Structures are given as C-alpha cells and as structure tokens.
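A.B. asks:
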Amino acid sequence: MGFQKVSTIDGKNEMLHFVRSLLDDVQAFEYMLENDWFETNITRIGAEQEMCLVHNKTFKPATINMEVLEKLGERPWCVTELAKFNLETNLSPREFTGDCLSQLEAENLRYLNEIQSVLNEFDASIILCGILPTLRKHDLEMHNLTPKDRYYALMAAIQKHMLGTSFELRVEGVDELLVKHDSPLLEACNTSFQVHLQVTPKDFVRMYNIAQVLAGPVTAISANSPLVFGRRLWHETRIALFQQSLDTRTTSDHMRERLPRVNFGSDWLRGDITEIYKEDISRFRVLLAGGIEENSIAMVKDGKTPKLRALQIHNSTVYRWNRPCYGISPNGKPHLRIENRVMAAGPTPVDEVANAAFWLGCMVAMGDRFDDITKHIDFADARDNFLKAAKFGIDTTFSWMKDKKVPVTELILKELLPIAKEGLKMRKVKQADISKYLGIIEARAKGHRTGARWQLRAFTAMKKEVTNDEAVTAVTAAIVKNQKNNKPVHTWNEPSVSDLEDWRPSKIKVEEFMSTDLFTVQKEDLIELVAEIMNWRRIRYMPVENSKGELVGLISSRMLLRHFARRNELNENTASTVKDIMVEKPVVATPDTTIMEAMKKMREYRIGCLPVVKGRELVGIITEMDFLRITSRLMERMEP
Numbered sequence: 026m027g028f029q030k031v032s033t034i035d036g037k038n039e040m041l042h043f044v045r046s047l048l049d050d051v052q053a054f055e056y057m058l059e060n061d062w063f064e065t066n067i068t069r070i071g072a073e074q075e076m077c078l079v080h081n082k083t084f085k086p087a088t089i090n091m092e093v094l095e096k097l098g099e100r101p102w103c104v105t106e107l108a109k110f111n112l113e114t115n116l117s118p119r120e121f122t123g124d125c126l127s128q129l130e131a132e133n134l135r136y137l138n139e140i141q142s143v144l145n146e147f148d149a150s151i152i153l154c155g156i157l158p159t160l161r162k163h164d165l166e167m168h169n170l171t172p173k174d175r176y177y178a179l180m181a182a183i184q185k186h187m188l189g190t191s192f193e194l195r196v197e198g199v200d201e202l203l204v205k206h207d208s209p210l211l212e213a214c215n216t217s218f219q220v221h222l223q224v225t226p227k228d229f230v231r232m233y234n235i236a237q238v239l240a241g242p243v244t245a246i247s248a249n250s251p252l253v254f255g256r257r258l259w260h261e262t263r264i265a266l267f268q269q270s271l272d273t274r275t276t277s278d279h280m281r282e283r284l285p286r287v288n289f290g291s292d293w294l295r296g297d298i299t300e301i302y303k304e305d306i307s308r309f310r311v312l313l314a315g316g317i318e319e320n321s322i323a324m325v326k327d328g329k330t331p332k333l334r335a336l337q338i339h340n341s342t343v344y345r346w347n348r349p350c351y352g353i354s355p356n357g358k359p360h361l362r363i364e365n366r367v368m369a370a371g372p373t374p375v376d377e378v379a380n381a382a383f384w385l386g387c388m389v390a391m392g393d394r395f396d397d398i399t400k401h402i403d404f405a406d407a408r409d410n411f412l413k414a415a416k417f418g419i420d421t422t423f424s425w426m427k428d429k430k431v432p433v434t435e436l437i438l439k440e441l442l443p444i445a446k447e448g449l450k451m452r453k454v455k456q457a458d459i460s461k462y463l464g465i466i467e468a469r470a471k472g473h474r475t476g477a478r479w480q481l482r483a484f485t486a487m488k489k490e491v492t493n494d495e496a497v498t499a500v501t502a503a504i505v506k507n508q509k510n511n512k513p514v515h516t517w518n519e520p521s522v523s524d525l526e527d528w529r530p531s532k533i534k535v536e537e538f539m540s541t542d543l544f545t546v547q548k549e550d551l552i553e554l555v556a557e558i559m560n561w562r563r564i565r566y567m568p569v570e571n572s573k574g575e576l577v578g579l580i581s582s583r584m585l586l587r588h589f590a591r592r593n594e595l596n597e598n599t600a601s602t603v604k605d606i607m608v609e610k611p612v613v614a615t616p617d618t619t620i621m622e623a624m625k626k627m628r629e630y631r632i633g634c635l636p637v638v639k640g641r642e643l644v645g646i647i648t649e650m651d652f653l654r655i656t657s658r659l660m661e662r663m664e665p
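When we follow this note's numbering, the leftmost residue of the sequence shown carries the number 26, and every step to the right adds one.
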C-alpha cells in the first residue's frame, strides 16, 4: 500500500544519506538471512484490492475518493490510490489453511459493502475492473491526482527521470492505440487484485521462479482489461499500459538495453532474495526518499528487527509483476512474501478469490514437485508466455515444459487444475472452498469465458448499433450490476444498450464521439482526386491538412458540386487544386468541447461538420450524421 511520508530528493546530501541507508538495509537483510532471523513455522496469505469509483448515471469516473474516506471515518484498511477515482483496501493476513479462501472473500465483500454504503450518498458505485472502460484521456490529467504528498513526489520524480518529452502508449489489438500523454497519471488506469504468499528464505528462490512460470497461465485465465479509450486492445492491456505509463525511456540510434521500471525480470533468480533488490538498485535510479531515522546495521547488531524503510521505499518504485516483499509479523519476526501483481481487479470478488486459489494451489504443489523448475523451462519461454497471455488471454498457446506447445485451456484443465487442487489439499484447505473456487476456474476454461472475452464480445456487438460512448457505458453498467450480485463472470449475460435508461449526452465531450479514422487531402491535390475519394468513401466533408498534420482548410461535397457546375458552364478544362476552392479557416471544435456546445456551434454557423483540432493539429471530425445517431437513440429511449 506504499509509504505516505516520502519526498523527492532535492539535494546531493539527501541523496547520499538515502543511498547510504539503502546499502545498509541490504547489508542488514543479508545478516538476518545468514543468521536465520526469519519466520518459518507458519504460512500466511493476504491480498490488496484496488478499485475505481463511477457515477451511477454516467458510469464515468467519480473523483470523490477523499470525500468518501472522510465519510468512512477511521478505517485503516481503506486508503487512497493514485487518482481521485481510485481506492484500495488491504485485506487481513491469514493462515493458509482451512476456510482461509472463503474468509478472504467474506472480508473483501464486507469492506466493499461498507464503502458502497458511503458511495450511495454520492450516487456512485464501486467497479472492479483491470481498466475502467469509460475512462477518457482527459480523466488522467494531473488535476485528478489524489492530493497527497507521496503522489506529487512520485509524479515529479518520474517526470524528472524522463529521457523523452512525453509518455507514449503504443498497443495493438483488434484496434490500435497510439497516443502521447504528458502525465504519468496514466498509471491510474490500472487496478488489480494483488495476492501475497508468505515463503521461507530457503524456499524463496525456488518459489519465486515458479511464480514466474505461472504468470502466463494465471494472466490468461484471469484477464479482465481489454478496453481502453474505446479501443479493443490486449485481453490484459493493463500489462502493457502499466509498463508504458511509467516508462521513462525513449528511442535512440543505438541498441542499448534499458529495462523499464515495470518489468517481468531479466533472468531466473539464482542466489537469494537480495539478488532482486541488488539488481533493482543497480538498474534504477532512486526516485523517492523519506526521513530514514533507523540505523538498520546498528539495530541488527543489537538484536532488533529493522523496518528496512529505505529498501522498501525503493522497492515500491520498481514494479516487478512478481514482487519480493519484506515485512514484520505481529510476533516481531521478519518474514518474506511473494506478491503476485498479474491479476486484474474483478470481474467479481468471487472471481478474484478463484484466481487467487488457482495461483496459490499451483504454487504449493509445484513447489513440492520441482526442486528447480528452471531445468524444465527456459526463462525466455516463461516471459514470452506471460506477454502472449497478456495479449491473447484465454486464446493463447504456450511453450510449456520440455518445449511442448499447448493451448492455455488444455494446460489448465488437464494439468494445472489438478495441481492446484493437490496444492490446496496439502495446505488442508476445506474441500468446499476448493470445489467452489477451482470450479469457477474450470467453468471459465471449459466455456472459454473470462472477463476480457465477455467485454470484447459485448462491446463488439454493441458497436454495430451505437456510438463508442454508449457501448463502453453499457459494458460498464453491466459490470457494476453483475458485481453487486457477486456472480462469476462465466455466468454473465451480454448487456443491452436498452439498459442505459439514464444515458444523456449533454456533458459528453466531442472526443468521445468524433471519428478519428480520417481521410484527408492537401492543398496541392487535384480536385478530381478529392471528388473520387469522397465518392469512394461516401463522405461529405474532407479536411485539408499540411505535411505536419495541421488543419489548413475544409472541402464539402457542395463545394465540389459548385466547382464542377461552374466549370461546365464556362467550358473550362484547366486543372484545379484543393486550395482553389477550400474554406481556409473552417469553424472547429476541440476534443474538450461538449456535444451540446458543438451542436450549438453548427446551428449558429449553419454548417454540417466540425473538424476537431488540438492546437492546430487535426485529431478528428464530427458531422451532422453523428448528431443524428445520438438524437435517434434518445428518441428511442423516450418510446414507452
């Protein structure tokens, strides 16, 4: 959940002090490992639940987290997250045995219900989803950053270490997303259900490598993040988006390798847990500091367990998908955990615990079966499986043990589910819990139905009838409805746009409706070329842009008719170009213009389209046909 009392490093002395503390913490860590300080007689599990908040009428982000926390009162389990539309809860660590899984679900539901009871006062709801489908780019501007010093410091530090001029998102799926953004708040798109497993020091390396191998199958069966800004991308786009949102690297002429701060790792773990910390300290500059008051070296010499605050601050700014964690148990002994970060939030609390049960069971049984899993599968295959699972989800084919090529559903049903059951039985988890949660995984695999597949099917079907905004809103509304019933995603029906009784476009912005698949010409092009393109593509308006993509004019079908009619009257055969007839200063809108403002402008100027520009750059177009579609949908909703 992070440290709140951190800051950017302002001077050389502060940097030197923090780095000295960081090195001391590594040395103290090694001392505790060598002298068997760590807790080994108990195995606990835990989890962190991230969530988004949405308005009930629009299902757009509700930037009210601070108000909600104030209404909740003293609830140490509920804290802020990066954006004002995010919250996070920290579930209690519990021994990994008996009815621990159903307890985990019950506690999560209890916390979510407490938060929802407060959200009711704001006419808002919780949504558990890897990426909120209704998020818009302008929701991720810095004014929506949660007003906490820690977040301001993190954003400033990331910006400071950027090698380029902006953050770039480049993700290809069914659709394609290529966009620049000036804020690392893009990270706030991502919400997850992070599961922790306590392990002993002697087992850590073996278990960590197994977690790396399992990252692919777990990502594939739990995928729940396919929609971003109205684009159908990866099944678990959160993997790409998280890495790119915090990626301070840039392209260059040389081929120097630089790992992103969000990464899978560069190789198997060989030594001990400190190998990970040492690599991260070696590769990544310190971003944040904090008032380090303890002397970890002196503490271990006195027999006291240090918090290793400097090490944990630095660890919190390097985002491995399987992250090593150090903590202190209630008995005062230090312990080690593996934090699995690959699982998206949702689709429901019961689905999340099913994902956790699958991973935890596989971890235990595979830990018992394999002394060294690296002898059975290459690291390159484990990493490739993870990335393929993020892209293709339940449709993935893996390179598995002994280089066997196997579809993920076959791998899960025939091999991993029996292993997971065996592992949970080894931990003496109640049979009712095993059957319930692994039964959900089995049904998902047999039905080929994850949260990502459900969203993609629903969105694609609705896009044939309605606008992008209506489609993502309907998907989001259905997710919220199903989550409140805690129904596993494989049982969900597909949503219908007719369910959006309260949908109104008055405050929706042009960027949510505009067409971005543009056909344009330049001033020097022949008029005949323009006429043919408009005929071929059945379009009535053609923006004119220069070589830099800046809007310099507009041509309409009426202009072409006038031009050809006049030319026939005068019997002219001279070649004409676009600049001879175009409107040089067309009326425009910006992406932030509301639909109502755009309609008013078109009525006022008696025009049929508005090119959409940001600065001078042409980014889209909106026409009277777009407004006709909006109007028809509203009229349909008024029908009894």
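Cβ coordinates follow ideal geometry from the N, Cα and C atoms, glycine included. Remember, predicted model here, so these are calculated numbers, not experimental data.
What residue ranges within the segment 196 to 257 form continuous alpha helix (DSSP H) runs of no fewer than 4 residues, ordered along the chain?
C.D. replies: If we require 4 residues or more, the alpha helix (DSSP H) runs fully inside the segment 196 to 257 come out as 226 to 247.
A.B. asks: Does the Cβ-Cβ distance between Asn511 and Val608 come in under 7 Å?
C.D. replies: No.
A.B. asks: Starting from Ser460 and walking both ways along the alpha helix (DSSP H), at which residues does that stretch end?
C.D. replies: Its alpha helix (DSSP H) spans residues Gln456 to Gly472.
A.B. asks: Once DSSP output is grouped into helix, strand and coil, what is the label at Ser321?
C.D. replies: Helix, per DSSP.
A.B. asks: Taking the alpha carbon of Ala690 as the point to measure from, which residue in Asn493, Thr602, Gly290 and Phe383 has its own alpha carbon closest?
C.D. replies: Since the displayed the chain opens at 26 and closes at 665, residue 690 lies outside it and no answer follows.
A.B. asks: Quick check: Leu126 and Asp458, are their CB atoms within less than 7 Å of each other?
C.D. replies: Cβ atoms of Leu126 and Asp458: closer than 7 Å.
A.B. asks: Would Thr421 pass as a contact of Thr159 if the rule is Cβ separation under 7 Å?
C.D. replies: For Thr421 and Thr159, no; Cβs fall outside 7 Å.
A.B. asks: What ranges does the alpha helix (DSSP H) occupy inside the segment 381 to 465, keeping only unbroken runs of at least 4 residues that lie completely in it?
C.D. replies: Runs of the alpha helix (DSSP H) inside the segment 381 to 465: 404 to 417, 433 to 436 and 442 to 451.
A.B. asks: Short of 7 Å in beta carbon distance, which residues of its chain neighbour Leu436, apart from the five on each side in sequence? Order them along the chain.
C.D. replies: Counting only Cβ-Cβ distances below 7 Å, and skipping sequence neighbours, we find Pro242, Phe423 and Trp425.
A.B. asks: Can you pull the DSSP bridge partners for Val637?
C.D. replies: In DSSP, Val637 forms a bridge with Ala614 and Gly645.
A.B. asks: Thinking just about the alpha-carbon of each residue, which of Lys109, Glu212 and Leu361 is nearest to the one in Thr342?
C.D. replies: Per the Cα distances, Glu212.
A.B. asks: With distances taken from CA atoms, which of Cys154, Pro209, His42 and Asn347 is nearest Glu166?
C.D. replies: With distances taken between Cα atoms, Glu166 lies closest to Pro209.
A.B. asks: List the residues that DSSP assigns as beta-bridge partners of Arg119.
C.D. replies: Beta-bridge pairing links Arg119 to Ile70.
A.B. asks: Return the CA-CA distance between Ser531 and Ile620, expressed in angstroms with no decimal places.
C.D. replies: In this prediction, Ser531 scores a pLDDT of 49, lower than 50, which makes its location untrustworthy; no coordinate-derived value is stated.
A.B. asks: Are Ala414 and Ala245 touching if we call contact CB-CB under 7 Å?
C.D. replies: In this structure, Ala245 lies closer than 7 Å to Ala414 by Cβ.
A.B. asks: Can you check DSSP and say which residues form a bridge with Leu144?
C.D. replies: Leu144 is not bridged to any residue.
A.B. asks: Measure the CB-CB distance between Gly198 and Arg257 and report whether it falls below 7 Å.
C.D. replies: Taking 7 Å as the Cβ cut-off, Gly198 and Arg257 qualify as a contacting pair.
A.B. asks: Take Trp293 as the anchor and find which of Phe254, Glu318, Tyr233 and Leu336 has the nearest alpha-carbon.
C.D. replies: Checked all of Phe254, Glu318, Tyr233 and Leu336; the closest Cα to Trp293 is Tyr233.
A.B. asks: Can you say whether Met280 is buried or exposed, counting buried as having 16 or more other CB atoms within 10 angstroms of its CB?
C.D. replies: Residue confidence is low: Met280 scores 43 on pLDDT, short of 50, so the model does not pin down where it sits. Its coordinate-derived value is still stated next. Classification for Met280: exposed.
A.B. asks: Going by DSSP in three states, Ser581 sits in which element: helix, strand or coil?
C.D. replies: DSSP places Ser581 in strand when its eight states are reduced to three.
A.B. asks: From Asp49 to Phe484, what does the alpha carbon distance come to, in whole angstroms?
C.D. replies: If you take the alpha carbons of Asp49 and Phe484, they lie about 52 Å apart.
A.B. asks: Between Pro359 and the rest of its own chain, which residues show a CB-CB distance below 8 Å, the 5 nearest in sequence each way excluded?
C.D. replies: Same-chain partners within the cutoff: Met57, Trp62, Phe63, Glu64, Thr330, Tyr351, Gly352 and Ile353.
A.B. asks: Please report the straight-line C-alpha distance between Val389 and Met451, rounded to a whole angstrom.
C.D. replies: Roughly 8 Å separates the two Cα atoms.
A.B. asks: Where does the unbroken beta strand (DSSP E) through Val569 begin, and where does it stop?
C.D. replies: From DSSP, the beta strand (DSSP E) with Val569 extends over Tyr566 to Glu570.
A.B. asks: Go to Leu41, then tell me how far its alpha helix (DSSP H) extends in each direction, as first and last residue.
C.D. replies: Lys37 to Glu59 is the extent of the alpha helix (DSSP H) around Leu41.
A.B. asks: Is the beta carbon of Ile156 less than 7 Å from the beta carbon of Val253?
C.D. replies: Against a cut-off of 7 Å, the Cβ pair of Val253 and Ile156 comes out as a contact.
A.B. asks: Could you tell me whether the segment 126 to 139 touches the segment 77 to 92, using the rule of 3 or more Cβ pairs below 8 Å?
C.D. replies: Too few Cβ pairs lie closer than 8 Å, so no.
A.B. asks: Go to Val93, then tell me how far its alpha helix (DSSP H) extends in each direction, as first and last residue.
C.D. replies: That run of the alpha helix (DSSP H) goes Asn90 to Leu97.
A.B. asks: DSSP state of Asn347, grouped into three classes?
C.D. replies: Note: Asn347 maps to strand in three-state DSSP.
A.B. asks: Between which residues of its own chain and Pro432 is the CB-CB distance below 6 Å, once the five residues before and five after are set aside?
C.D. replies: Once the five neighbours on either side are set aside, the close Cβ partners of Pro432 are Thr422.
A.B. asks: Give me the DSSP bridge partner(s) of Pro359.
C.D. replies: Note: Pro359 sits in a beta bridge opposite Ile353.
A.B. asks: Pull the bridge partners of His339 from the DSSP assignment, please.
C.D. replies: Its beta-bridge partners do not exist; DSSP assigns none.
A.B. asks: Which whole-angstrom value is the C-beta distance of Trp346 and Phe289, which I expect to be below 8 Å?
C.D. replies: That belief holds up - the Cβ atoms of Trp346 and Phe289 are roughly 5 Å apart, short of 8 Å.
A.B. asks: For Val608, list the residues DSSP reports as bridge partners.
C.D. replies: Bridge partners of Val608: Leu579.
A.B. asks: Could you tell me whether the segment 533 to 542 touches the segment 582 to 589, where touching means 3 or more Cβ pairs closer than 8 Å?
C.D. replies: Touching, no.
A.B. asks: If you measure between the beta carbons of Ala178 and Leu336, is that distance less than 7 Å?
C.D. replies: Taking 7 Å as the Cβ cut-off, Ala178 and Leu336 do not qualify as a contacting pair.
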